[in-house]
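Heads up: the sequence shown runs through residues 0 to 665, numbered per numbering that gives the first Met the number 0.
Where is the CB? At the ideal position from N, CA and C, for every residue including glycine.
Note that the coordinates shown come from a computational prediction; the quantities given were computed from them, not determined experimentally.
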Amino acid sequence: MSAQERILELRKELHEHNHRYYVQNMPVISDFEFDALLRELQDLEAANPDMFDPSSPTMRVGSDITKEFKQVAHKYPMLSLGNTYSKEEVREFYDRVMRGLNEDFEICCELKFDGTSISLTYTDGKLVRAVTRGDGEKGDDVTANVKTIRSVPLVLSGDGYPTEFEIRGEVLMPWDVFERLNSERAANGEQLFANPRNAASGTLKLQDSSVVAKRGLDAYLYFMLGEQLPAEGHYENLQCASEWGFKISSYTRKCKTIEEVFEFIDTMDVERRNLPFATDGIVLKVNSLRQQKNLGYTAKSPRWAIAYKFQAERALTRLNEVSYQVGRTGVVTPVANLDPVQLSGTVVKRASLHNADIIEKFDLHIGDMVYVEKGGEIIPKITGVDLDARFMLGEKVNFIAKCPECGTPLVRNEGEAAHYCPNDTSCPPQIKGKIEHFVTRDAMNIDSIGPETIEMLYNYGLVKNIADLYSLYPEDLMFLPRMGAKSAENIVAGVKTSLQVPFERVLFALGIRFVGATVAKRLARAFKNIDNLMNATFEELVAVDEIGERIATTVTAFFANESNRELVARLKEYGLCFEVSEEEALLHSDILKGQSIVISGVFTHHSRDEYKEIIEKNGGKNVGSVSKSTSFILAGDNMGPSKLEKAQKQGVRIVNEEEFLAMIGG
Ligand code: IVH
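Take a look at the structure:
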């Protein structure tokens with residue numbers, strides 16, 4: 000079989016496996032086998048650039064080419080739906096439709112997915128464009144990002160699809176992915192997403208599609224538009240779309256009577272709790288396209304469809320007290336302490352009050368009756384006050400001016416709603432939080448110390464900062480409650496083992512805001528040791544690839560703080576690793592900084608993947624195809640003829656294996 004044939008065969012196979020795994024949830028090969036096929040295809044495509052295809056399964060890994068999104072006008076405007084909150088209103092909608100049509104009709108009931116909407120255009124069975132809703136008239140072209148969503152078919156299967164059509168749906172982030180993402184963000188001191196909807200839309204707007212590819216988005220489709228759709232019914236069109244490979248929810252029902260509609264609503268209000276993603280209601284659509292056309296549109300929404308929103312579960316209870324919580328990053332959150340109340344199956348005693356503005360807006364007084372809701376968010380929140388139930392005016396709730404933990408006056412950055420405690424070196428919850436971060440697995444990996452131990456060590460005055468951990472002796476610990484000789488020794492041994500942890504992880508463990516594991520790696524490689532990093536100027540920091548102003552600001556602020564410098568000095572004395580190992584240093588350089596390099600052909604000294612790694616470790620970028628901005632081609636034997644021709648045309652230099660190795664110093 001020729002390379003060309005094999006490429007086509009692999010593409011077909013991989014599209015099928017993708018569909019089985021991400022749409023049907025029925026994989027037939029292991030992840031390992033899938034990756035092997037994908038890698039084979041990647042290599043073949045790299046060696047045969049004339050076989051480039053924007054719909055290839057290899058396009059799903061994304062690329063780090065940064066570009067602003069292009070604005071694209073929607074062919075058909077993206078309208079929104081009218082909302083209803085009661086069965087009464089649903090009945091009114093039903094009656095309106097009945098009067099408008101004056102004939103029998105069916106209603107298609109579907110889930111209302113709580114994500115961000117997307118419009119996909121397919122031409123000749125290939126995904127050509129994906130655009131966000133934007134203002135309804137025009138949106139952002141996010142095609143590169145959407146291609147990374149595995150459940151979105153790049154190429155349709157079967158036949159019978161129109162040569163050109165649009166299909167719309169919702170991009171979602173499943174609950175488990177959302178929770179994982181937020182805990183990673185917490186570890187990096189980054190702001191958390193309030194709910195999966197914000198996380199999905201935030202992710203879709205990222206400039207780097209290779210990051211999007213790792214975020215685990217999913218997509219359900221619910222609306223087809225075009226000139227030559229396969230069926231006259233909306234429901235039937237969705238069934239066809241499912242045959243072509245789209246993910247269509249099986250919780251879709253065609254109803255002939257309003258009773259059936261209500262039945263669906265009631266069933267789904269319970270069933271939705273078992274779904275792996277967020278939903279916030281049911282959408283009702285007149286099924287016949289002819290009837291839809293007859294009913295038409297108002298300025299904002301169709302007359303043939305409506306959304307029924309689930310009641311966010313809400314309860315009324317008394318506000319007894321407002322307390323304030325200080326997080327690891329110093330953010331102060333007001334918390335309402337309530338008379339216990341039953342809410343979606345659990346007893347709620349505390350709920351978030353968000354920030355000072357919200358307290359002010361509600362004009363909250365102690366003793367007020369407040370509404371608590373569990374929305375898409377995990378923590379219940381206060382959503383209102385029942386002023387009619389206020390018969391005695393309690394003390395007005397005023398946001399505190401000083402940190403409840405350390406007494407430091409709070410600050411509020413311009414344009415931000417949150418108050419911060421700026422005392423990040425000696426405010427107790429901030430310190431305990433920093434120590435908790437320091438010992439985590441991706442940081443110093445001291446698993447003999449958990450949050451409870453930290454609490455105890457701190458309360459007994461044994462550990463006041465991360466450096467104090469290294470001055471502990473088993474004898475100091477043995478007298479603590481519930482601490483045997485064995486566990487005391489374990490703790491000290493765990494701390495000692497952490498001295499082996501490499502520089503990049505020590506840097507991550509310091510808990511500098513926005514310096515996550517990846518950024519720490521970049522900084523460690525760029526500056527080689529802590530002294531260089533501590534003395535780096537803002538300009539030197541932003542000159543490093545992928546270090547932006549936001550990170551440079553927090554890094555310089557961290558090291559400008561005298562107590563942080565002292566802390567580092569102490570950690571150094573205890574023997575923590577503050578420079579990259581010689582081996583690492585030898586392997587890494589910035590010799591190829593700013594260079595875009597195409598790899599082509601077959602090599603003798605290293606494999607193609609090894610060369611990719613070498614390029615990256617030396618600061619270069621590996622790119623897929625030759626363009627004007629390509630710095631050079633690293634060419635082995637049998638370089639693809641079209642690549643060669645393109646290179647000659649563009650005047651791109653060709654470097655052979657030996658020359659390349661000499662370039663990076665052997
Ligand atoms: S149909 C003209 N169906 O709800 C009809 N929308 O306010 C267009 N949504 O922007 C929408 N699930 O993001 C439709 N099954 C569903 C939906 C759905 C969620 C979202 C969509 C739209 C908003 C309408």
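Among R652, W303 and N637, whose alpha-carbon lies nearest the alpha-carbon of S626? Position 627 of the sequence shown, counting from 1, holds the residue named residue 626. Of the candidates R652, W303 and N637, the one whose C-alpha sits nearest the C-alpha of S626 is R652.
Using a threshold of 7 Å, state whether the C-beta atoms of G393 and I434 are closer than that. As a first step, residue 393 is located in the sequence shown; it is residue number 394 there, counting from the start. As a first step, residue 434 is located in the sequence shown; it is residue number 435 there, counting from the start. No, Cβ-Cβ distance for G393 and I434 is not below 7 Å.
Since R98 is in the alpha helix (DSSP H), which residue starts that stretch and which ends it? Taking the first residue of the sequence shown as 1, we reach residue 98 at position 99. Counting along the chain, the alpha helix (DSSP H) containing R98 begins and ends at K86 to L100.
For L386, is the classification buried or exposed, using 16 other Cβ atoms within 10 angstroms of its Cβ as the cut-off for buried? Along the sequence shown, read from residue 1 onward, the residue named residue 386 stands at position 387. With fewer than 16 other Cβ atoms within 10 Å, it is exposed.
Can you tell me whether DSSP reads S300 as helix, strand or coil? Counting from 1 along the sequence shown, the entry for residue 300 is found at position 301. DSSP places S300 in coil when its eight states are reduced to three.
Check whether the Cβ of S116 sits closer than 6 Å to any heavy atom of the ligand IVH, and report yes or no. One-based indexing of the sequence shown puts residue 116 at position 117. Yes; taking the cut-off as 6 Å, the Cβ of S116 has a heavy atom of the ligand IVH nearer than that.
Could you tell me which residues DSSP puts in a beta bridge with R252? Stepping through the sequence shown from its first residue, residue 252 is reached at position 253. Looking at the DSSP assignment, R252 forms a beta bridge with C108.
Could you give the distance in angstroms between the alpha-carbon of E105 and the alpha-carbon of V260? As a first step, residue 105 must be located in the sequence shown, where it is residue number 106. As a first step, residue 260 must be located in the sequence shown, where it is residue number 261. Computed Cα separation, rounded: 10 Å.
Count the other CB atoms, across all protein chains shown, that sit within 10 Å of the CB of S397; report buried if there are 16 or more and exposed otherwise. Here the question's residue 397 lines up with position 398 in the sequence shown. The amino acid occupying residue 397 in the given sequence is Asn; Ser does not appear at that position. So N397 counts as exposed.
Between the segment 105–120 and the segment 272–292, do at least 3 Cβ pairs fall closer than 8 Å? yes
Apart from the five residues just before and just after M533, which ones in its own chain have a Cβ nearer than 8 Å to its Cβ? As a first step, residue 533 must be located in the sequence shown, where it is residue number 534. So the list reads F558, R564 and V567, once near-sequence residues are dropped.
Are the beta-carbon atoms of K125 and V151 separated by less than 7 Å? Locating residue 125 in the sequence shown gives position 126, counting from the first residue. Locating residue 151 in the sequence shown gives position 152, counting from the first residue. No, these two residues do not count as a Cβ contact at 7 Å.
Run through DSSP, which three-state label would Q676 get? With the chain covering only 0 through 665, there is no way to say anything about residue 676.
Can you find a heavy atom of the ligand IVH that lies under 6 Å from the Cβ of E169? Here residue 169 corresponds to residue number 170 of the sequence shown, with the count starting at 1. Yes, the beta carbon of E169 sits closer than 6 Å to at least one heavy atom of the ligand IVH.
Can you tell me where the beta strand (DSSP E) with D217 in it begins and where it stops? Looking up residue 217 in the sequence shown gives position 218. Here the beta strand (DSSP E) through D217 covers D217 to L224.
Straight-line CA distance for A298 to N236? Indexing the sequence shown from 1 puts residue 298 at position 299. Indexing the sequence shown from 1 puts residue 236 at position 237. Their backbone Cα atoms lie some 25 Å apart in a straight line.
By Cβ distance below 7 Å, which residues in the same chain neighbour S628 in space, the five residues on each side in sequence not counted? Position 629 of the sequence shown, counted from the first residue, corresponds to residue 628. Taken in chain order, the residues that qualify are S595.
Proximal residues to L13 (C-beta, below 7 Å), its chain only, five neighbours per side dropped: Taking the sequence shown and counting its residues from 1, one reaches residue 13 at position 14. Excluding residues within five positions, the ones whose Cβ falls inside 7 Å are L36, L37, L40 and P56.
V371 lies in the beta strand (DSSP E); which residues open and close that run? Numbered from its first residue, the sequence shown carries residue 371 at position 372. Where V371 is concerned, the enclosing beta strand (DSSP E) stretches over M368 to K373.
Under the three-state reduction of DSSP, which class applies to N621: helix, strand or coil? Counting from 1 along the sequence shown, the entry for residue 621 is found at position 622. Strand.
Closest to E656 by C-alpha separation, out of G232, K645, N621 and G600, would be which residue? Translated into positions along the sequence shown, residue 656 becomes position 657. The candidate whose alpha carbon is nearest that of E656 is G600.
Exposure label - E67; buried when at least 16 CB within 10 Å: Along the sequence shown, one-based indexing puts residue 67 at 68. E67 comes out exposed.
When every heavy atom of the ligand IVH is checked, does at least one fall within less than 6 Å of the C-beta of L532? Along the sequence shown, one-based indexing puts residue 532 at 533. It does not: the Cβ of L532 is nowhere closer than 6 Å to a heavy atom of the ligand IVH.
Please indicate yes or no: does the CB of K111 lie closer than 6 Å to some heavy atom of the ligand IVH? Taking the first residue of the sequence shown as 1, we reach residue 111 at position 112. It does: the Cβ of K111 is within 6 Å (strictly closer) of some heavy atom of the ligand IVH.
Indicate, with yes or no, if the ligand IVH has a heavy atom lying under 6 Å from the CB of L228. Start at 1 with the first residue of the sequence shown, and residue 228 comes out as number 229. Checking every heavy atom of the ligand IVH against the Cβ of L228, none is found closer than 6 Å.
heavy atom of the ligand IVH below 6 Å from L283 C-beta: Walking along the sequence shown from the start, residue 283 turns up at place 284. The answer is no for L283.
Below 7 Å between beta carbons: does that hold for G432 and R549? Taking the first residue of the sequence shown as 1, we reach residue 432 at position 433. Taking the first residue of the sequence shown as 1, we reach residue 549 at position 550. Not a contact, by the Cβ cut-off of 7 Å.
DSSP puts A129 in a beta bridge; with which residues? By 1-based counting over the sequence shown, the position of residue 129 is 130. According to DSSP, which records beta bridges pairwise, A129 is partnered with L119.
In whole angstroms, what separates the C-alpha of S3 from that of L205? Within the sequence shown, the letter at position 4 stands for residue 3. Within the sequence shown, the letter at position 206 stands for residue 205. Rather than Ser, the amino acid found at residue 3 in this sequence is Gln. C-alpha separation (whole angstroms): 34 Å.
Roughly how many angstroms separate the alpha carbons of G168 and M58, rounded to a whole number? Residue 168 sits at position 169 when you count from the first residue of the sequence shown. Residue 58 sits at position 59 when you count from the first residue of the sequence shown. The alpha-carbon atoms of G168 and M58 are separated by roughly 21 Å.
Near the ligand IVH: F263 beta-carbon under 6 Å from a heavy atom: For the purposes of this step, residue 263 is identified with residue 264 of the sequence shown, where counting begins at 1. Not so, every heavy atom of the ligand IVH lies at least 6 Å from the Cβ.
Proximity winner among V597, T603, E612 and A634, relative to S624 (alpha-carbon distances): Within the sequence shown, residue 624 is the residue found at index 625, counting from 1. With distances taken between Cα atoms, S624 lies closest to V597.
Closest residue to A314 among P275, S322 and P379 (Cα-Cα distance): Here residue 314 is taken as the residue at index 315 of the sequence shown, counted from 1. With distances taken between Cα atoms, A314 lies closest to P379.
C-alpha distance - G159 paired with E242, whole-angstrom precision: In the sequence shown, counting from the first residue as 1, residue 159 sits at position 160. In the sequence shown, counting from the first residue as 1, residue 242 sits at position 243. Going from the Cα of G159 to the Cα of E242 covers about 10 Å.
Regarding F104 and the ligand IVH, is the C-beta to nearest heavy atom distance less than 6 Å? To locate residue 104, count along the sequence shown from 1; it is residue 105. No.
Assess contact between the segment 173–188 and the segment 86–98, defined as three or more Cβ pairs (one per stretch) separated by less than 8 Å. Is contact present? no
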